[in-house]
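Asker:
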Amino acid sequence: MLKQTLIDLLTQAAVEAQRTGKLPPVTLPEIALERPQNAEHGDYASSLPLKLARAIGLNPLTIANDLVSLIAPSPEVGQVVAAAPGFINFTLKSDWLARQVEAILKAGETHGNIKLETASRVQIEFVSVNPTGPLHVGHGRGAILGSTLANILAAAGYRVEKEYYINDAGNQIDAFYRSLYARYQQCLGKEAEMPEDGYFGGYMVDLAREIMAGDGDRFHNLPEAEVVSGIGRLGLEKIISQIKADLELLGVSFDVWFSEQSLHEGGQYQAVLSRLQQGGYISEKEGATWFVSTALGEDKDNVVIRSDGSPTYFATDIAYHYDKFLKRKFDTVINIWGADHLGHVSRMKAVVAALGIDPEQLKVIISQMVTLRRGGELVRVSKRSGDIITLRELVEEVGADACRFFFLSRTADSQMNFDLELAKKQSADNPVYYVQYAHARIASILRLARERGIDYEDGDVSLLTTEPELTLIRKMLLLPEMVELIASTLEPHHLTYYAQDLATVFHSFYKQCQVVSSNKALTKARLKLVKAAKIVLSRTLHLMGMTAPESM
RNA sequence: GCGCCCAUAGCUCAGCGGACAGAGCAUCGGUCUUCGGAACCGAGGGUCGAGGGUUCGAAUCCCUCUGGGCGCGCCA
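For the first sequence, the working numbering assigns the number 2 to the initial residue and increments by one for each residue that follows.
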């Protein structure tokens, strides 16, 4: 990658300076390159001299000048200059930039792919909403975060598996079964009371009706317990397939749908408990079984088996992570959880440590809450009361692409407002259209070239020399760096900003440079440029899980 | 009480310890004889919540405080 090439050049210069005695033999700090905000400072800048100055007590500008004189010539770099108070600024060569158009055309949709040294086998688990009701707006955030990260990690060279953990066991499922049974009885015209901890959403009534209409006969004259579990399981399946369909609508898919129930059936639950027991992490007190988190620096211990003998959510999650790390042997596991699971993070890391795994291998992204508003007024979201705006409703209103872009454009760390009225009203000047429009515009130019029978296969990219052209190329070359940045920080929101920047430089280029003109040679060169830009735009959109329309 | 997250332009938000703090929307003003005006160019607008500290250099790191959110269950 270009950035690494420059870092290498700088490192060599520093080593050379030390060899010849211009610099004392101190250990070099990690050499970082930044992108200067001001274009006058070149394409890349390093503050290495400023950092060195502290350690060796020399004037930073002197160090900068010494290093500049030792930087070897390279095909990429044109100018290297020292600048006050002690920066080294690199400017790329125009002819090298122009040649990158060919490189991008050759790479096609693989442009942007990199091979990170740290890339390994990674599992990313996200959404994993309890299948007791439809997905609501807040779930969309995790879904889009996860699927985009998966795309980017794959582009960075990771082997990625996407997983949805289905909580199909435990108390909530029990409550779901009993609620559905009550609704079912009511549909039959019988007296039935909803359980106190039940699910009161209207969808439960619809579900009961649907089951009655479709499978009602099957449950005649059966013992109550069998009816409860029978229609419960049926309802569960229907909800899960609805969740799948809703996610698909958003362009989110999974490689594995993992059943919590299978952890009990498969023996992982027993295996991990005895393993923790052997490690001395399990104790009995107050009639329950506890995981001794305090031994690992936690504030308090946590119950794994209740006094009634049933496992807690925490217990099965321990088994689940045992399965991820020790059975399926993922190198890295990423979990995307909502802010309401915050308290779960540190004890889960403690468990992982207790299993003999470096807790750093477990990365948990907490996505902060989404508060829903309708024209500024807060909309309460509660699955139990049934007052929810479903993800499906949202996608149908604003569209999958706009939905993805909107959720993606904020850091997971901060809470966001989602105003439904605003999302609808602004959909026309949503930045997503701005980016997609750039792509459609290029497609239109290429169509025109085809209609006029212009074959630009032999176009000479060295004719691309003007500022708007080179600015566009510079921006296109940034995609691999974005992939690297996002893969290492796990912060995909950067991509939305990159996409807008890329579209901006394209639109600006378009305004200033006629692509198809009477100058045949220049036309061919620019068609190549524009086609490369289309590749980069579509790749960027695809990484975000969005469509790259040929026209709109 | 303890822990995590947030506070940057009128609004929604970016900002990787570095060179005059950025974008979109909104406001105001320009650009249409040529490839898609869902476009382009420009202007105004900021004591980066407050106060200390570290540093050659702090929106960024540390401490204190204020305001908001979330979490600290034999719930999931």
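All C-beta atoms, glycine included, are put in the ideal place defined by N, C-alpha and C. Note that the structure is predicted; figures quoted are calculated from it, not measured.
Thinking C-alpha only, which one of His265, Glu249 and Phe331 is nearest tyrosine 314?
Answerer: Counting from one through the first sequence, the residue named residue 314 turns up at place 313. Nearest of His265, Glu249 and Phe331 to tyrosine 314, Cα basis: His265.
Asker: In chain order, what residues of the same chain lie with their CB nearer than 7 Å to the CB of aspartate 442, ignoring the 5 residues before and after it?
Answerer: Within the first sequence, numbered from 1, the residue matching residue 442 stands at position 441. The amino acid occupying residue 442 in the given sequence is arginine; aspartate does not appear at that position. Excluding sequence neighbours, arginine 442 sits near Tyr511.
Asker: Hey, leucine 464 and alanine 549: beta-carbon distance below 7 Å or not?
Answerer: Position 463 of the first sequence holds residue 464. Position 548 of the first sequence holds residue 549. No, these two residues do not count as a Cβ contact at 7 Å.
Asker: At 3 residues or longer, and completely inside the region 366-447: list those beta strand (DSSP E) runs for me, N to C.
Answerer: For secondary structure counted as the beta strand (DSSP E) over 3 or more consecutive residues, the region 366-447 holds these complete runs in sequence order: 371-375, 378-380 and 417-420.
Asker: If you run the structure through DSSP and keep just helix, strand and coil, what is isoleucine 64?
Answerer: Locating residue 64 in the first sequence gives position 63, counting from the first residue. In the structure shown, isoleucine 64 sits in a helix (DSSP, three-state: H, G or I).
Asker: For the beta strand (DSSP E) containing valine 81, list its first residue and its last residue.
Answerer: Taking the first residue of the first sequence as position 1, residue 81 is located at position 80. In the DSSP assignment, valine 81 falls within the beta strand (DSSP E) that extends over 78-84.
Asker: Once you ignore the five residues that flank valine 78 on each side, which residues in its own chain have a CB closer than 6 Å to its CB?
Answerer: Translated into the one-based positions of the first sequence, residue 78 becomes position 77. Within the same chain, valine 78 has close Cβ partners Phe91.
Asker: Taking its Cβ as the centre, do 16 or more other Cβ atoms sit within 10 Å of glutamate 192, making it buried, or is it exposed?
Answerer: Residue mapping note: residue 192 aligns to position 191 of the first sequence, counting from 1. Around the beta carbon of glutamate 192, fewer than 16 other beta carbons lie within 10 angstroms, which makes this residue exposed.
Asker: Do you know whose CA, among Met483, Ser311, Gln513 and Tyr457, lies nearest leucine 3's CA?
Answerer: Translated into the one-based positions of the first sequence, residue 3 becomes position 2. With distances taken between Cα atoms, leucine 3 lies closest to Met483.
Asker: Would you call the region 162-182 and the region 228-239 touching, i.e. three or more CB-CB distances under 8 Å?
Answerer: They touch, by the three-pair rule.
Asker: Count the other C-beta atoms from every protein chain shown that fall within 10 angstroms of the C-beta of proline 50, then say buried if there are 16 or more, exposed otherwise.
Answerer: The residue given as residue 50 occupies position 49 in the first sequence. The residue is buried, with at least 16 neighbouring Cβ atoms inside 10 Å.
Asker: In angstroms with no decimal places, state the Cα-to-Cα distance between valine 352 and serine 294.
Answerer: The residue labelled residue 352 in the question sits at position 351 within the first sequence. The residue labelled residue 294 in the question sits at position 293 within the first sequence. Those two C-alpha atoms are separated by around 8 Å.
Asker: Quick check on isoleucine 487: buried or exposed, where buried means 16 or more other Cβ atoms within 10 Å of its Cβ?
Answerer: For the purposes of this step, residue 487 is identified with residue 486 of the first sequence, where counting begins at 1. Per the 10 Å Cβ criterion, buried.
Asker: Report the three-state DSSP secondary structure of serine 47 (helix, strand or coil).
Answerer: As a position in the first sequence, residue 47 is number 46, starting the count at 1. The answer is strand: DSSP assigns serine 47 an E or B state.
Asker: Between which two residues does the alpha helix (DSSP H) carrying isoleucine 232 extend?
Answerer: As a working note, residue 232 is residue 231 in the first sequence. Counting along the chain, the alpha helix (DSSP H) containing isoleucine 232 begins and ends at 225-250.
Asker: Pairs of beta-carbons, one from the region 518-525 and one from the region 454-461, closer than 8 Å: are there three or more?
Answerer: yes
Asker: If I'm right that tyrosine 200 touches alanine 176 with Cβ under 8 Å, what's the distance once you round it to whole angstroms?
Answerer: Working through the first sequence from its first residue, we reach residue 200 at position 199. Working through the first sequence from its first residue, we reach residue 176 at position 175. Contact holds; Cβ gap of about 7 Å.
Asker: Taking the alpha helix (DSSP H) that leucine 93 belongs to, which residues open and close that run?
Answerer: The residue labelled residue 93 in the question sits at position 92 within the first sequence. Per DSSP, leucine 93 belongs to no alpha helix (DSSP H); it is in the beta strand (DSSP E), 88-93.
Asker: Determine whether the beta carbon atoms of alanine 316 and glutamine 269 lie at a separation below 7 Å.
Answerer: Your numbering for residue 316 matches position 315 in the first sequence. Your numbering for residue 269 matches position 268 in the first sequence. No, Cβ-Cβ distance for alanine 316 and glutamine 269 is not below 7 Å.
Asker: Quick test of your reading: leucine 150 and leucine 491, contact by CB under 8 Å. State the CB separation rounded to the nearest angstrom.
Answerer: What you label residue 150 is simply residue 149 of the first sequence in a count that begins at 1. What you label residue 491 is simply residue 490 of the first sequence in a count that begins at 1. Contact holds; Cβ gap of about 6 Å.
Asker: Note down the Cα distance separating alanine 500 from leucine 478, rounded to an integer number of angstroms.
Answerer: Stepping through the first sequence from its first residue, residue 500 is reached at position 499. Stepping through the first sequence from its first residue, residue 478 is reached at position 477. The straight-line gap from Cα to Cα measures roughly 13 Å.
Asker: Quick check on asparagine 336: buried or exposed, where buried means 16 or more other Cβ atoms within 10 Å of its Cβ?
Answerer: Indexing the first sequence from 1 puts residue 336 at position 335. Asparagine 336 should be labelled buried.
Asker: Does the region 58-76 come close enough to the region 34-44 to have 3 or more Cβ pairs within less than 8 Å?
Answerer: no
Asker: What number of angstroms, rounded off, separates the C-alpha of glycine 113 from the C-alpha of isoleucine 241?
Answerer: Position 112 of the first sequence, counted from the first residue, corresponds to residue 113. Position 240 of the first sequence, counted from the first residue, corresponds to residue 241. Those two C-alpha atoms are separated by around 35 Å.
Asker: Taking 8 Å as the cut-off, does the region 124-143 touch the region 87-103 (at least 3 CB pairs, one atom from each stretch)?
Answerer: no
Asker: What residues in its chain sit with their C-beta under 8 Å from that of leucine 223, if we drop five residues either side in the sequence?
Answerer: What you label residue 223 is simply residue 222 of the first sequence in a count that begins at 1. Excluding residues within five positions, the ones whose Cβ falls inside 8 Å are Gly231.
Asker: Check for me: the beta strand (DSSP E) holding glutamate 470 runs from which residue to which?
Answerer: Start at 1 with the first residue of the first sequence, and residue 470 comes out as number 469. No beta strand (DSSP E) holds glutamate 470; the alpha helix (DSSP H) holding it covers 468-477.
Asker: Return yes when the Cβ of glutamate 261 is within less than 7 Å of the Cβ of alanine 170, no when it is not.
Answerer: Working through the first sequence from its first residue, we reach residue 170 at position 169. Working through the first sequence from its first residue, we reach residue 261 at position 260. In this structure, glutamate 261 lies closer than 7 Å to alanine 170 by Cβ.
Asker: Going by C-alpha distance, which of Lys330, Ala56, Asn418 and Glu468 is nearest leucine 379?
Answerer: Taking the first residue of the first sequence as 1, we reach residue 379 at position 378. Closest option to leucine 379, judged by alpha-carbon separation, among Lys330, Ala56, Asn418 and Glu468: Asn418.
Asker: Please report how far the alpha carbon of leucine 53 lies from the alpha carbon of arginine 451, in whole angstroms.
Answerer: Position 52 of the first sequence holds residue 53. Position 450 of the first sequence holds residue 451. Approximately 56 Å, taken between the alpha carbons.
Asker: What residue from Arg55, Ile167 and Ala209 has the CA that sits closest to phenylalanine 187's CA?
Answerer: Position 186 of the first sequence, counted from the first residue, corresponds to residue 187. Checking the sequence, you will find glutamine at residue 187 rather than phenylalanine. Here the closest residue by C-alpha is Ala209.
Asker: Find out if the Cβ-Cβ distance for the pair leucine 447, lysine 476 is shorter than 7 Å.
Answerer: Here the question's residue 447 lines up with position 446 in the first sequence. Here the question's residue 476 lines up with position 475 in the first sequence. In this structure, lysine 476 does not lie closer than 7 Å to leucine 447 by Cβ.
Asker: Could you check the C-alpha separation between histidine 543 and phenylalanine 408 for me, to the nearest Å?
Answerer: Working through the first sequence from its first residue, we reach residue 543 at position 542. Working through the first sequence from its first residue, we reach residue 408 at position 407. Straight-line Cα distance between these residues: approximately 15 Å.
Asker: Between proline 86 and the rest of its own chain, which residues show a CB-CB distance below 8 Å, the 5 nearest in sequence each way excluded?
Answerer: Here residue 86 refers to the residue found at position 85 of the first sequence. Within the same chain, proline 86 has close Cβ partners Leu51, Pro61 and Leu62.
Asker: Near arginine 329, which residues of its chain fall below 8 Å by C-beta distance, leaving aside the five closest residues on each side in sequence?
Answerer: Counted from its first residue, the first sequence places residue 329 at position 328. Here the set comprises Gln124.
Asker: Would you report the Cα separation of leucine 277 and tyrosine 435, rounded to the nearest angstrom?
Answerer: Position 276 of the first sequence holds residue 277. Position 434 of the first sequence holds residue 435. Whole-angstrom Cα-Cα distance: 54 Å.
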